[in-house]
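A short write-up of the structure that comes next.
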Amino acid sequence: MQAPIVPEPIVQSDAIDGVRHEVSCDTATMNYRHSFHAGNFADVLKHVTLLGLIEAMQRKDKGFLLLDTHAGRGGYLLESSEAQRTGECEGGVCRVVDLRPLEQQPKRQQLDAAPLLRSYIDAVRAFNRTTHGDPHALRAYPGSPLLVAQRLRAQDRLHACELQPAEAKALGEALVPFSNARAECRDGYAAVKALLPPAERRALVLIDPPYEAQEAEFDAILASVRDGLQRLAQGVFAVWFPIKRRAGIQRFLRRATDLPAQSVLLVELLVRPDDSPLRMNGSGLLIINPPWQLDLQLAQVLPQLRQLLGESEPSSDVRWLKREL
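Laid out in structure tokens, this is it:
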């Protein structure tokens, strides 16, 4: 596959509160805005998994680079006109995180949360306390960059890429309080080439594109992961993907097993049957070189997510597509 064409960037450098955030904006545009979808059921699965990956990476004292290739704006207001127009958070985070007193919560939410689910609930609660100071209202949702930034140790780094200039500007402002986090307006796939291998020789790469053209996106993802593995063979890659109809992703999953990686783990959550091409029925993550025992942690939490988020005949799966023992 031919490498993606990346426009010449316009580079801007801003120093805010002594922290230098380099923003190199290009002219590419796309229609997707995550503000319409923030906190939906796919975000819940993605962010629960991401927290599990971070916790696993931090079992070792040595630092690592976390590269977020399609980072968005950082944080999202669930009361915004965009979020209210779709109401997707009502079928996602609002079913999982309830900040009201216990006696006012539905019984489905009163469960003994698995460790990864507890980490997720605590992270969303903490973000709302910090953002609004109201302990009983769910008004904001942390995107991947802010979930990561809040968990960085001194020896860890976040490099968050966002191609849309306005979103990248908001991302840079959101990351100002975190000295070891950097926002950059650039093509995320190009960043994989530019930043791997990192000085730490450890990296977690989150690839979460908008899938405006699904087959082309799958091609770009596989090419980027293959290139990244050639640069850092033990790098961990987490690829999120939507599920509409099963046939649409089978070829992608088969091709993923040909990647030069020791192991490939598949995680999926469907809130309804995958028989409609008109809407997202579920989502999944493809995890290349997953950390030790992540599969067991996810197998523990997925039944709870299925219970909380399921609408009609929900299902979930954690299985190895490739594993070298």
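So in my numbering, spot 294 of the sequence shown is number 745, and the numbers just go up one at a time.
The beta-carbon is built from N, C-alpha and C at its ideal position, and this holds for glycine as well.
Given the structure is predicted, the values throughout are model-derived calculations rather than measurements.
Beta-carbon within less than 7 Å of Asn-491's beta-carbon, same chain only, minus the 5 sequence neighbours each way: which residues are those? Here the question's residue 491 lines up with position 40 in the sequence shown. Counting only Cβ-Cβ distances below 7 Å, and skipping sequence neighbours, we find Glu-539, Cys-540, Gly-542 and Gly-543.
Neighbour-count burial assignment, Leu-657, 16 or more Cβ in a 10 Å radius: Your numbering for residue 657 matches position 206 in the sequence shown. Classification for Leu-657: buried.
Among Arg-637, Pro-724 and Ala-574, which residue has its Cα nearest to the Cα of Glu-762? Along the sequence shown, one-based indexing puts residue 762 at 311. For Glu-762, the nearest C-alpha among the options comes from Pro-724.
I need the straight-line Cα distance from Ala-632 to Lys-497, nearest angstrom please. Start at 1 with the first residue of the sequence shown, and residue 632 comes out as number 181. Start at 1 with the first residue of the sequence shown, and residue 497 comes out as number 46. About 20 Å.
Would you report the Cα separation of Ala-466 and Ser-630, rounded to the nearest angstrom? Residue numbering aside, residue 466 sits at position 15 when the sequence shown is read from its first letter. Residue numbering aside, residue 630 sits at position 179 when the sequence shown is read from its first letter. Model confidence at Ala-466 stands at a pLDDT of 34, short of 50, so the residue's coordinates are unreliable and nothing is read from them.
If you compare alpha carbons, which of Ser-727, Arg-774, Pro-742 and Val-722 is closest to Asp-768? For the purposes of this step, residue 768 is identified with residue 317 of the sequence shown, where counting begins at 1. Closest by alpha carbon: Val-722.
Three-state secondary structure (DSSP) of Gln-463: Taking the first residue of the sequence shown as 1, we reach residue 463 at position 12. Legend: pLDDT at Gln-463 = 36, less than 50; position of this residue unreliable, value from coordinates given subsequently. It is a strand residue.
Rounding to the nearest angstrom, what Cα-Cα distance links Phe-515 and Gly-733 in this structure? Reading the sequence shown from its first residue, position 64 is the one you call residue 515. Reading the sequence shown from its first residue, position 282 is the one you call residue 733. Taking the straight line joining both Cα atoms gives about 30 Å.
Minimum C-alpha distance to Leu-567 - residue among Ala-507, Arg-608 and Gly-623: Within the sequence shown, residue 567 is the residue found at index 116, counting from 1. The shortest Cα separation from Leu-567 among Ala-507, Arg-608 and Gly-623 belongs to Ala-507.
Residues near Ala-565 in its chain [Cβ-Cβ closer than 7 Å; skip 5 each side]: Translated into positions along the sequence shown, residue 565 becomes position 114. Here the set comprises Gln-751, Val-752 and Gln-755.
Can you grab the Cα-Cα spacing for the pair Leu-745 / Pro-649, in whole Å? Mapped onto the sequence shown, residue 745 falls at position 294. Mapped onto the sequence shown, residue 649 falls at position 198. Using only the alpha carbons, I get a separation of about 23 Å.
Determine the DSSP secondary structure at Glu-663, reduced to helix, strand or coil. Mapped onto the sequence shown, residue 663 falls at position 212. In this structure, Glu-663 counts as coil in the three-state DSSP scheme.
For a minimum of 3 consecutive residues, which ranges assigned as the beta strand (DSSP E) are wholly contained in the segment 583 to 613? 591 to 593 and 608 to 612
Looking at C-beta atoms only, is the number of pairs between the segment 661 to 676 and the segment 522 to 534 that lie closer than 8 Å three or more? no
Range of the contiguous beta strand (DSSP E) that encloses Ala-565: Along the sequence shown, read from residue 1 onward, the residue named residue 565 stands at position 114. First-last for Ala-565: undefined, no H or E at that position.
What residue from Ser-532, Leu-647, Arg-697 and Tyr-640 has the CA that sits closest to Leu-729's CA? Here residue 729 refers to the residue found at position 278 when the sequence shown is read from its first residue. The candidate whose alpha carbon is nearest that of Leu-729 is Arg-697.
N- and C-terminal bounds of the alpha helix (DSSP H) containing Arg-546: Here the question's residue 546 lines up with position 95 in the sequence shown. From DSSP, the alpha helix (DSSP H) with Arg-546 extends over 544 to 547.
Local Cβ density within 10 Å of Pro-711, reported as buried at 16 or more and exposed below that: Position 260 of the sequence shown, counted from the start, is the residue given in the question as residue 711. Exposed, because fewer than 16 other Cβ atoms sit within 10 Å of the Cβ of Pro-711.
To the nearest whole angstrom, what separates the beta carbons of Val-718 and Leu-680, a pair I think is in contact under 8 Å? Within the sequence shown, the letter at position 267 stands for residue 718. Within the sequence shown, the letter at position 229 stands for residue 680. Not confirmed; about 19 Å, so no contact.
Would you mind listing the alpha helix (DSSP H) stretches within the segment 673 to 734 that are 4+ residues and don't spill past its ends, in chain order? 698 to 707
Count the other CB atoms, across all protein chains shown, that sit within 10 Å of the CB of Ala-617; report buried if there are 16 or more and exposed otherwise. In the sequence shown, residue 617 corresponds to position 166, counting from 1. Ala-617 comes out exposed.
Consult DSSP for Glu-764 and reduce its assignment to one of helix, strand or coil. For this step, residue 764 is matched to residue 313 along the sequence shown. Coil.
In terms of residues, what are the limits of the alpha helix (DSSP H) holding Val-519? The residue you call residue 519 lines up with position 68 of the sequence shown. For the record, residue 519 in the displayed sequence is Asp; it is not Val. Looking at the DSSP string, Asp-519 is not in any alpha helix (DSSP H); the run it does join, the beta strand (DSSP E), is 516 to 519.
Examine the Cβ distances between the segment 576 to 591 and the segment 607 to 616 and report whether three or more of them are shorter than 8 Å. no
Presumed contact (8 Å Cβ cut-off) between Leu-760 and Ile-738, rounded CB distance: Position 309 of the sequence shown, counted from the first residue, corresponds to residue 760. Position 287 of the sequence shown, counted from the first residue, corresponds to residue 738. That pair is no contact at about 20 Å.
Length of the line joining the Cα atoms of Ala-489 and Tyr-592: Along the sequence shown, one-based indexing puts residue 489 at 38. Along the sequence shown, one-based indexing puts residue 592 at 141. Using only the alpha carbons, I get a separation of about 7 Å.
Is there a Cβ of chain D sitting closer than 8 Å to that of Pro-566, yes or no? Absence of chain D from the displayed structure is noted, only one protein chain being present.
Between the CA atoms of Ser-727 and Tyr-640 - distance to the nearest angstrom: The sequence position of residue 640 within the sequence shown is 189, counting from 1. The sequence position of residue 727 within the sequence shown is 276, counting from 1. Computed Cα separation, rounded: 30 Å.
Helix, strand or coil for Gln-758, going by three-state DSSP, please let me know. If you number the sequence shown from 1, residue 758 lands on position 307. If DSSP states are grouped into helix, strand and coil, Gln-758 belongs with the helices.
Span of the beta strand (DSSP E) holding Gly-523? Your numbering for residue 523 matches position 72 in the sequence shown. Looking at the DSSP string, Gly-523 is not in any beta strand (DSSP E), and its letter there is neither H nor E.
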